[in-house]
Amino acid sequence: MKVLLHSPGLKSEISDIYRKAFNNAIELYVVTAYLTDWDSSLVINESCESFRFIIGKDFGITKKSACSKVMDWLPPERKSQFLVADNITGFHPKAIFWKEANGMWFTLIGSSNLTKAAFESNYEANFHSEIDEESYLEAKHWIGEITESSVVVSEDWLEQYVEGRVPVKKKVINAKGKGESIVSLILPLPIGAKEKVKERRKQISIHESVKSLLTELFTQCAHGKISSSDFYERLPELWSWDLGNRLQGKGWERQGKASDFKELSISYLKVVKALDFERDDVVAREIDRLKMLKVSARTAFFSEILCLTFPDKYPVLNKPIWAYLEDIKFRAPKKSSQGAAYIDLAKKLRLSLKENISHPAKNLAELDTVIWLAYHQ
1 MKVLLHSPGL
11 KSEISDIYRK
21 AFNNAIELYV
31 VTAYLTDWDS
41 SLVINESCES
51 FRFIIGKDFG
61 ITKKSACSKV
71 MDWLPPERKS
81 QFLVADNITG
91 FHPKAIFWKE
101 ANGMWFTLIG
111 SSNLTKAAFE
121 SNYEANFHSE
131 IDEESYLEAK
141 HWIGEITESS
151 VVVSEDWLEQ
161 YVEGRVPVKK
171 KVINAKGKGE
181 SIVSLILPLP
191 IGAKEKVKER
201 RKQISIHESV
211 KSLLTELFTQ
221 CAHGKISSSD
231 FYERLPELWS
241 WDLGNRLQGK
251 GWERQGKASD
261 FKELSISYLK
271 VVKALDFERD
281 DVVAREIDRL
291 KMLKVSARTA
301 FFSEILCLTF
311 PDKYPVLNKP
321 IWAYLEDIKF
331 RAPKKSSQGA
341 AYIDLAKKLR
351 LSLKENISHP
361 AKNLAELDTV
371 IWLAYHQ
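Here it is in C-alpha cells:
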C-alpha cells in the first residue's frame, strides 16, 4: 500500500495512477461523490470489457458541464455505463477499482474526486494498493448494488437536475440510503391493467416451463447443429400464441424469417451465461454486434426473448413502447449506440417501477402488457 499526500503546487501521482488505470484496465469501476470537472484526455483501454462510472448528486455539487464533458468523451457503446446514484441519498465514496490483463487487482481510495483541483490545487490524502481477488470481488459486488439504484446520465436527466440546491431539512432515509430520484418515468395505468398483469404472469409461468428447451434450441443453432431456417421452423413449438408465451403481435414472421438466427443464438447464449453484474454490458454489446451484422431480429424478437428470460431486467421493443416513449418525450443519451440506448431505457424503467410500489406491474414483463394496453392501436 502506498499513501499519496498532495499539496497545492506539487506534482501529483494521483493523476498518473488514474491514467494508468484507464489505460490498462480490462475491468474498471469508478465511484465519486460528485463531479465538477473532467479530463477528456483520459483513454479507456479498448479491451476493457466491464466499466462503470457512477457519480453522486447530493446537494447539487455535481456540475452539469462536467457531466456533459463525460458524455461527449464516452464512445457510443459506453454511454449507458455513465451512471448517477439517482435513488441514493448519502452517496459519498471516492474510489476506483480495476483489474489488469496480468490478473492483478488494484484500488485507489481517498479524498480525491475526479476533478482537476484534486490533482493540482487541493490538499488530498489517498492510498493506492494492489488488492487480492476476494477484496476485488467484494468491491465488484458493492458496485453492483449501487448500480441497481442508479440510472444512466442523459440529456433528459441533466435537464431536471438542479445544481447547488441545499435542502433546508434532511429527509429521513431508510437503512439502505434510499432517496428521491430525479428521473422517474410516468408509468401508464389504463383501465384493466390489473387483469392484464394477471394474464402476463400466466404467460411468464408458461415460458418458465419451456425455457430450458428453448435455450437448448438456441444452443443447437449457435453450435451449427441446426440451420437458421431449421431454428425458425422449430421456434413455434416453444414460443407461440398457441403455447401461450408469445408477447408481441403479428408481423414478425414475415420480417424475421430471413434473420441470421445463428448469430442471434450466439448473442443470446452470451447473455444467459453472463454474470448478473455484467449482463447489461453483454446485452448492449451483443445488440450492437447484431446491428453491425444487420440481424433484423435483434429488436422485437431478441428483446422479447430477453424479457421472457429476465422479466425483471429487460423491456420488449415494440410499437406500443415506442408510442409510450414518444408520449413521455423520453430520449436516450445523444449518440448512444443501439445497445447503450436499450440499457438506458431498461435501467430507468426498473427504477421507475421501484418507486411506484402501488403500480400493479412488478417487473418489466408485466409493465410491457400495461404499456401495450395503453398504447396499442
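Residue 243 in UniProt numbering sits at position 243 of the sequence shown, with consecutive numbering throughout. All residues carry an ideal CB built from backbone N, CA and C; glycine is no exception. Treat the numbers as computed from the prediction; the structure is a model and nothing was measured.
Out of Lys57, Ala341, Glu77, which has the shortest C-alpha to C-alpha gap to Ile88?
The option with the nearest alpha carbon to Ile88 is Lys57.
Near Ala175, which residues of its chain fall below 8 Å by C-beta distance, leaving aside the five closest residues on each side in sequence?
In this prediction, Ala175 has a pLDDT of 42, which is less than 50 and means its spatial position is unreliable; what the coordinates show is noted afterwards. No residues qualify anywhere along the chain.
Could you check whether Glu77 and Glu49 sit closer than 8 Å to each other, using their CB atoms as the reference points?
no
Coil, strand or helix - Val168 by DSSP
Because Val168 sits at a pLDDT of 44, beneath the cut-off of 50, its placement in the model cannot be relied upon, and the following sentence gives the value as read from the coordinates. If DSSP states are grouped into helix, strand and coil, Val168 belongs with coil.
Do you know whose CA, among Lys262, Asn45, Gln81, lies nearest Leu293's CA?
Lys262
Nearest residue (CA-CA) to Leu264, options Ile226, Thr309, Ala323, Phe218
Phe218
How big is the Cα-Cα spacing for Phe97 and Ser80?
19 Å
Does DSSP classify Asn126 as helix, strand or coil?
strand
So the candidates are Trp38, Asn356, His128, Leu349; which of them puts its Cα closest to the Cα of Val151?
Leu349
Coarse secondary structure for Ala365, derived from DSSP in three states
Of the three classes helix, strand and coil, the one that applies to Ala365 here is helix, per DSSP.
Going by DSSP in three states, Tyr161 sits in which element: helix, strand or coil?
coil
Does the distance from the CB of Gly244 to the CB of Ile206 come in under 8 Å?
Ile206 sits close to Gly244, with the two beta carbons spaced by under 8 Å.
Rounded separation between Lys83 and Thr147 - CA only:
Looking at the sequence itself, residue 83 is Leu, so the reference to Lys does not match. When rounded, the distance between both Cα atoms is 8 Å.
Does DSSP classify Glu46 as helix, strand or coil?
coil
Using only alpha-carbon positions, find the residue among Asn356, Ile131, Tyr123, Glu100 that is nearest to Thr107.
Ile131
Kindly list the residues whose CB is nearer than 7 Å to the CB of Ala25, restricted to its own chain and excluding five residues on each side of it in sequence; keep chain order.
Asn45, Cys48, Trp98, Lys99, Glu100
Quick one: Cα of Ala323 to Cα of Ser65, how far?
31 Å
DSSP state of Arg52 mapped onto helix, strand, coil
strand
Spatially closest choice to Leu247 from Arg200, Phe277, Ala193, by CA coordinates
Arg200
Does the distance from the C-beta atom of Asn126 to that of Leu42 stay below 8 Å?
no
Any idea what DSSP makes of Thr32, helix, strand or coil?
strand
Measuring CB to CB, does Ser296 end up less than 8 Å from Leu317?
Contact: no.
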